[in-house]
Every structure is written in C-alpha cells, then in structure tokens.
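Chemist: Encoded as structure tokens, here's the structure I'll be asking about.
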Amino acid sequence: MISVNGVTVSFGGFTLFDNIAFLINPKDRIGLAGKNGAGKSTLLKILSGQQSPTSGDVSMPKSCKIGYLPQDMIHQHGRTVFDETESAYEEIRLMEKRIDDINHQLETRTDYESDAYSRLIEEQTEIYTRLDVLGASNRNEEIEKILKGLGFERRDFDRQTAEFSGGWRMRIELAKLLLQKPDVLLLDEPTNHLDIEAIMWLEEFMETFNGAVVLISHDKTFLDNVTNRTIEISNQKIYDYKTNYSHYLVLRQERREQQENAAKNQQKIIDQYQTLIDKNRAKASKAAFAQSLIKKLDRMERVEVDEEDNAAMYFRFPAPAHSGKIVLTVEHAGKKYGEKQIFKDANFIITKGEKIGLVGRNGEGKSTMMKMIAKKIEFEGRVIQGHSVMMGYFEQDQEEKLDPKKTVFETIDELAVGDVRKQVRGLLGSFLFRGDDIEKKVQVLSGGERGRLALCKLLLEPYNLLLLDEPTNHLDLRSKDILKKALIDYEGTVVMVSHDRDFMKGICNRLFEFREGQVKEHLCDIEDFMKLRKVERLNELDLDKKVKTEAKKVTAPDEKSETEKQKEAEQKQLRSLVKKTEESIEKLEAEIKLCDEKLANPDEYHRLMNDQAFFGKYNQLKKDLEKEMQKWEDLAAKLA
1 MISVNGVTVS FGGFTLFDNI AFLINPKDRI GLAGKNGAGK STLLKILSGQ
51 QSPTSGDVSM PKSCKIGYLP QDMIHQHGRT VFDETESAYE EIRLMEKRID
101 DINHQLETRT DYESDAYSRL IEEQTEIYTR LDVLGASNRN EEIEKILKGL
151 GFERRDFDRQ TAEFSGGWRM RIELAKLLLQ KPDVLLLDEP TNHLDIEAIM
201 WLEEFMETFN GAVVLISHDK TFLDNVTNRT IEISNQKIYD YKTNYSHYLV
251 LRQERREQQE NAAKNQQKII DQYQTLIDKN RAKASKAAFA QSLIKKLDRM
301 ERVEVDEEDN AAMYFRFPAP AHSGKIVLTV EHAGKKYGEK QIFKDANFII
351 TKGEKIGLVG RNGEGKSTMM KMIAKKIEFE GRVIQGHSVM MGYFEQDQEE
401 KLDPKKTVFE TIDELAVGDV RKQVRGLLGS FLFRGDDIEK KVQVLSGGER
451 GRLALCKLLL EPYNLLLLDE PTNHLDLRSK DILKKALIDY EGTVVMVSHD
501 RDFMKGICNR LFEFREGQVK EHLCDIEDFM KLRKVERLNE LDLDKKVKTE
551 AKKVTAPDEK SETEKQKEAE QKQLRSLVKK TEESIEKLEA EIKLCDEKLA
601 NPDEYHRLMN DQAFFGKYNQ LKKDLEKEMQ KWEDLAAKLA
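So this is what it looks like as structure tokens:
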C-alpha cells in the first residue's frame with residue numbers, strides 16, 4: 001500500500017534517518033518505538049506528506065487516502081460539535097452536489113445516444129457506488145456512534161466546540177478522521193486525552209477498521225491490544241518486528257545480546273590480525289602477508305551494537321511522616337457547577353497505607369474530588385482529614401503551573417527547606433536534570449521534562465498522603481515504570497486518577513467509579529474492573545439494539561436479569577479478593593511464626609537483641625497482618 005524507499009532525513013549536520021525502507025501493508029497495525037527524539041513523529045509527518053525527506057521518497061497509489069492525527073493541532077471554532085464532526089463528509093457533500101448536477105443534465109439533455117450522455121451515466125453510477133462505500137445514507141447515525149464512543153453525550157452535540165477543553169476538541173478531530181474512513185490512519189499519541197472507556201472503545205474500533213494503522217503511544221496496554229507489528233527507530237536505522245510492543249521488548253533484548261556476542265567475536269579476530277601484523281610487518285619476507293592482513297582489516301565491516309538509552313530518572317519517595325489510621329473520611333460530598341450536578345452523596349473512608357484509584361469517564365468528577373480533598377474548591381458535604389495527615393498534591397496540569405521564568409534549579413531550591421536544600425542538585429539529577437540542564441528556564445523544557453520537574457517537587461517533604469491526578473502525562477514508558485515502582489514501594493497513602501491501565505495495574509486494589517452523578521466503590525484491581533465494565537457496556541449495547549429494532553423477546557424463566565449478572569460478577573470479584581487476602585494472611589502468619597521461634601530460642605534471642613533491622617521487620621509484619629485482617633473483615637462483611 002505505502003512504500004518507504006531509501007528515506008534519509010538530515011538537518012543542522014545531524015542525521016535522523018539514514019536510507020530507511022519498509023512497506024505498510026493493508027490492515028497492518030504498526031506501533032513506532034524508539035527513545036524520545038529518535039524521529040517517530042517526524043516519520044509520521046513524512047508518511048502524511050506534511051514533511052519531505054532529505055532524500056528518498058514515499059510512494060503510494062493515487063487512490064490511497066491518508067488520515068493524520070498530530071499531537072498538537074489547530075482547532076476550528078464557530079460550529080457545534082455535530083456540525084464540526086459532519087465536516088468530515090466534505091467528499092460526500094461534493095459528490096452529492098455533482099449528482100444533482102448530473103441529474104439535471106440527464107433530465108434536460110436529449111442526446112441520449114451520444115458518448116457524452118453515456119459518460120454521465122457511468123459517472124453517476126461510480127459516484128453512487130462511492131457514496132455507498134462511504135456510508136452516505138446513514139451518516140448521522142455514524143456521527144452519533146463515533147461521538148458517543150469517544151465519550152460525548154447526545155446533549156453535547158449542539159454545544160459550540162469552543163466550550164470544550166483541548167482534549168475534547170482533539171476527540172472531535174479524531175472522530176472526523178475515523179468518519180472519513182481513510183486507507184491509512186497515522187495517529188500520534190491518540191490516547192493522551194482519552195479516558196479508559198474511550199480508549200477501550202478505540203481499541204474495539206481498531207479491530208473492525210479495514211485500513212492500516214501506524215501509531216505512536218506511551219500507553220503500553222493500548223499498544224499491545226492494537227498493534228501486530230513494531231518498527232523501532234534506533235541509531236538512524238529501523239528494525240521491523242512482526243509482533244506487538246511487549247514481545248518486541250523481548251526480541252530487542254535478544255537482538256542486542258546477539259550483536260554484543262558478534263562484536264566480541266569480531267574483536268577477537270581483529271586482535272589476532274593485529275598481533276600477526278605487528279609481528280610480521282618488520283620482516284621483509286613477511287611484509288606481503290602483513291599487508292594482506294591490513295587490507296582485510298580495512299575491508300572488514302564492523303559489527304555495530306545499538307546504543308542503549310540508559311538515561312532514566314531514579315527516585316524513591318521519602319519515608320512518610322506518621323499519621324492516624326483513618327486518613328480521609330468523605331461524608332455526603334457532592335459538587336455543582338451552576339445548575340449542573342457533577343456528583344452527589346459520596347461516602348467513603350480511606351485508611352493508612354491504602355492505594356486508591358478514581359476511575360470513570362472524563363467530566364464525571366474525578367479531578368473535582370481531588371480538588372475537594374485538597375480544599376481547593378467549595379463543595380457540599382464534608383471531607384475530613386485524619387490525624388497528622390501531610391498531603392502532597394500533583395494536579396493534572398501541574399507542569400503548566402510552573403513559573404516559566406525560573407530555572408530548573410530555582411524551581412526546586414526555593415521550595416526546599418532544611419537538609420533537603422543540600423541535596424537539590426542530587427535530587428534534580430535523579431530526575432535527569434544534570435550539568436547545565438539545571439540552569440535551563442522552565443519555558444524551554446519539553447512536556448516530559450516539565451512533568452518530571454513537577455514530580456520532583458513531591459520529594460521535598462515527607463508527605464503521608466499523595467494525591468496524583470494524571471501523573472503520567474507526557475512521561476515516556478521507562479519513566480512511567482520507575483514512577484510505578486516508586487509508588488508500589490511507597491509506605492504512605494495514595495489517591496490516584498489515571499487513564500493508563502498498565503500503570504494502575506499492581507498499584508490500586510480499591511477503586512471508586514464516578515458515573516452518572518454517583519460514586520460507587522469496587523473492591524478489585526483495574527483489570528477486574530475493566531472486565532466488569534466491558535460486560536456492562538456489551539449489555540448496554542445489546543439493550544440499545546433491542547430498543548432500535550423494537551424486538552419483543554420474552555425472557556425465559558431461568559434467564560438471569562442484567563442486575564443479577566452484575567451482582568454475580570461483583571460477588572466473584574469479592575470472593576477472589578477474599579482468597580488473595582487469606583493467602584496474604586497465611587504468608588504473614590508463617591513469617592511471624594519463624595520470628596517467634598527465633599525469639600523463643602535463648603541463644604538466638606541474645607544474638608538478635610541488638611538487631612534493629614530484625615525487630616523493625618518483625619513489627620512491620622505484625623502491622624501488615626493487622627491491616628490484612630481488617631481488610632479480610634471488611635471484604636467478608638460485603639460478601640455476606
């Protein structure tokens with residue numbers, strides 16, 4: 001379908017690609033991989049025709065239609081959401097206009113036997129065929145389906161696009177692209193402003209999309225679910241893997257190990273040649289032999305080992321200050337903006353050490369709840385902080401609130417107090433701000449750099465409650481993994497909003513879902529929650545179909561209702577969590593028993609009596625057991 005032939009891109013004495021070539025086939029699902037700055041976005045621009053290569057070319061059939069969604073775009077205003085989305089059908093409108101013109105000519109002309117009359121009929125047939133392919137007859141239904149899939153409500157259709165945030169306007173652009181049914185979709189970070197349900201819908205859409213897709217994403221789960229091929233850009237070359245992202249990582253490591261082994265073997269041969277050359281070049285009788293070896297070395301193509309980008313931030317959250325067992329109590333909390341009720345009557349308790357996830361569609365109140373907990377806005381009901389709670393708050397647009405005129409060093413140094421001030425340079429170094437980087441002004445930093453700097457501020461105090469609203473925005477996959485590990489190891493309490501399923505997996509095991517003005521608790525991790533939501537959404541779609549077709553199906557006596565099915569799914573989740581908790585309790589009890597046996601032995605006791613690490617671990621095991629027992633009681637009560 002599309003052929004990239006010997007493409008080279010150079011600028012300012014720097015070469016981004018050097019003579020790369022590959023094919024994009026129909027129905028390919030390609031994920032572009034490579035470190036920041038490798039040229040992924042540049043490659044998409046070249047494929048879309050928005051940028052020309054220094055040499056080489058991109059060839060494709062004239063009929064091939066490209067749909068390109070850039071990371072940053074200019075949005076049009078002055079239209080409603082529906083009208084702006086309908087502008088995607090510009091081709092249909094032009095063809096309909098042409099059909100009217102042809103029909104008028106066919107009605108008024110009398111040269112029925114002429115070639116010109118025959119050509120008009122042929123053109124009319126071709127246009128009707130094309131209109132049928134583009135779905136002209138049901139375009140309103142298609143627009144509604146796409147917009148609703150991307151998170152818009154029907155009441156949003158008549159609102160002006162200017163009323164929506166940049167993220168929602170990006171969804172409109174994505175909807176327009178999908179409606180145009182291009183042969184090739186080029187998507188640069190399409191999930192950046194999508195909530196989890198919209199991402200899932202986009203994944204399902206990709207399954208039935210007939211064209212090819214080339215995309216860039218930092219969402220590992222999205223890449224794994226959508227792509228079947230990964231093209232890595234590394235050291236000005238490309239490496240093509242016929243697999244998804246996770247498997248590509250394994251294959252890439254194997255490739256690098258093979259390169260290293262080949263390079264070592266080659267170096268042994270080079271060393272042997274060099275020894276023979278040094279030994280024989282001074283001897284007249286062996287000079288010709290030495291010269292032949294020198295020529296062999298000159299002709300030898302050196303094995304290159306791919307440079308590995310090991311630059312990654314590294315940090316641990318400081319040990320949290322002590323707090324009471326109850327960290328947050330939310331009672332009958334709600335929020336209105338004017339006449340619009342976002343949610344109401346939220347009630348829950350968060351205890352020390354819990355890691356909570358707030359989930360739901362955009363606009364349902366997740367970030368609003370974070371602001372309520374942080375006392376940033378007025379609200380209904382009560383949010384009560386527990387004893388000695390020290391709260392650190394990372395807002396969704398935290399990086400945008402940094403002072404652009406300050407340097408990286410000044411941003412952190414002005415907030416640091418006490419002993420932390422002596423560690424500012426080291427702290428910044430762990431977030432990849434090294435050497436002259438710390439003197440850069442915030443205004444010249446990339447989105448990822450500003451995100452890292454904003455995260456760095458959370459390490460300046462020993463907070464025991466972290467509120468994190470989309471902390472992974474602009475972070476690359478490696479930085480996400482490091483932040484995830486730091487949060488798993490963090491001993492304090494976390495309340496988090498994130499649309500990155502892979503990031504939330506393993507951190508949060510209790511979720512609060514914001515949906516249709518209510519806040520509902522789910523005692524499960526993100527994977528179990530997504531399974532439940534998928535079942536519910538399929539049920540909703542099934543109900544929609546029944547309403548549209550007005551089918552009157554009599555429910556069989558033994559057929560379970562949707563409510564019963566949902567309740568069964570929730571009970572299954574609870575039983576699974578109870579089992580996990582029981583296994584955790586058994587493991588902790590076994591470890592405590594071993595410690596007790598050591599303390600019961602007089603010789604062991606005298607040996608351990610000054611071992612602070614042992615007693616620290618012993619006390620922590622008891623605390624963990626108490627926490628797991630309380631969790632088991634809560635789960636058992638819900639299961640009853």
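Yeah, the sequence shown ends on 640 if you go by this note's numbering, and it's all consecutive. Glycine included, every Cβ here is placed at the ideal spot set by N, Cα and C.
Which residue comes first and which comes last in the beta strand (DSSP E) that contains I2?
Modeler: Where I2 is concerned, the enclosing beta strand (DSSP E) stretches over I2 to F11.
Chemist: Whole angstroms are fine: how far does the CA of E470 sit from the CA of V497?
Modeler: If you take the alpha carbons of V497 and E470, they lie about 5 Å apart.
Chemist: Out of V305, E301, A613 and Q272, which one is the CA nearest neighbour of A290?
Modeler: The shortest Cα separation from A290 among V305, E301, A613 and Q272 belongs to Q272.
Chemist: In the DSSP assignment, the beta strand (DSSP E) including Q518 goes from what residue to what residue?
Modeler: It spans Q518 to H522 - the beta strand (DSSP E) in which Q518 sits, taken as one unbroken run.
Chemist: Just to check my reading of the structure: K355 and I507 have Cβ atoms closer than 8 Å, yes? What is that Cβ distance to the nearest angstrom?
Modeler: Indeed they touch by this definition, with Cβ atoms about 5 Å apart.
Chemist: Which same chain residues end up closer than 6 Å to N228 when comparing Cβ atoms and leaving out the 5 residues on each side of it in sequence?
Modeler: Closer than 6 Å at the Cβ level, and outside the excluded window around N228, lie R29.
Chemist: What would DSSP say about M170, mapped onto helix, strand or coil?
Modeler: In the structure shown, M170 sits in a helix (DSSP, three-state: H, G or I).
Chemist: So G381 is in the beta strand (DSSP E); what residue range does that whole segment cover?
Modeler: Per DSSP, G381 belongs to the beta strand (DSSP E) from E380 to Q385.
Chemist: I'd like to check one pair, L577 with L635: are the Cβ atoms closer than 7 Å?
Modeler: In this structure, L577 lies closer than 7 Å to L635 by Cβ.
Chemist: Can you give me the C-alpha to C-alpha distance between I66 and T54, rounded to a whole angstrom?
Modeler: So the alpha carbons of these two residues sit roughly 21 Å apart.
Chemist: Quick one: using the 10 Å Cβ neighbour count with 16 as the cut-off for buried, is G616 buried or exposed?
Modeler: Under this definition G616 is an exposed residue.
Chemist: So is E395 in contact with chain C if we call contact Cβ pairs under 7 Å?
Modeler: Looking at the structure shown, chain C is missing, and only one protein chain is on hand.
Chemist: If you draw a straight line from the alpha carbon of I172 to that of S217, how long is it in whole angstroms?
Modeler: Those two C-alpha atoms are separated by around 19 Å.
Chemist: Less than 7 Å separating the beta-carbons of Y241 and L251?
Modeler: Contact flag set, yes.
Chemist: Which residue marks the beginning of the alpha helix (DSSP H) containing I47, and which one marks its end?
Modeler: Residue 47 is actually Leu in this sequence, not Ile. First-last of the alpha helix (DSSP H) with L47: K40 to S48.
Chemist: May I ask you to report which of helix, strand or coil DSSP gives T329?
Modeler: T329 falls in the strand class under three-state DSSP.
Chemist: Starting from G31, follow its DSSP beta bridges and name the residues at the other end.
Modeler: DSSP output for G31 lists L215 and T230 as bridge partner(s).
Chemist: How would you label A282, buried or exposed, when you count the other beta carbons within 10 angstroms and need 16 or more for buried?
Modeler: Exposed is the call here.
Chemist: Give me the residue from F14, V9 and K27 with the minimum Cα distance to I20.
Modeler: Nearest of F14, V9 and K27 to I20, Cα basis: V9.
Chemist: Looking at L574: is its Cβ nearer than 7 Å to the Cβ of K638?
Modeler: Going by C-beta atoms, L574 is nearer than 7 Å to K638.
Chemist: Given a threshold of 16 other Cβ atoms within 10 Å of its Cβ, counted over all protein chains shown, does Q398 qualify as buried or as exposed?
Modeler: That one is buried.
Chemist: Spatial neighbours of I24 within its chain, please: CB distance less than 6 Å, with the 5 preceding and 5 following residues excluded, ordered by chain position.
Modeler: Taken in chain order, the residues that qualify are M1, I2 and A212.
Chemist: With a CB to CB cut of under 6 Å and the five nearest residues on each side skipped, what residues in its chain are close to K548?
Modeler: Because K548 carries a pLDDT of 47, less than 50, the predicted location of this residue cannot be relied on, and the following value inherits that uncertainty. So the list is empty, once near-sequence residues are dropped.
Chemist: Report yes if the C-beta distance between T191 and F222 is below 7 Å; otherwise report no.
Modeler: Their beta carbons are under 7 Å apart, which means T191 touches F222 by this criterion.
Chemist: If we ignore side chains and look at the alpha-carbon of each, how far apart do E126 and L47 end up?
Modeler: So the two alpha carbons sit approximately 29 Å from each other.
Chemist: Excluding the five sequence neighbours on either side, which residues of its own chain have a C-beta within less than 8 Å of the C-beta of K406, listed in chain order?
Modeler: These residues qualify, in order along the chain: E414, K441 and V442.
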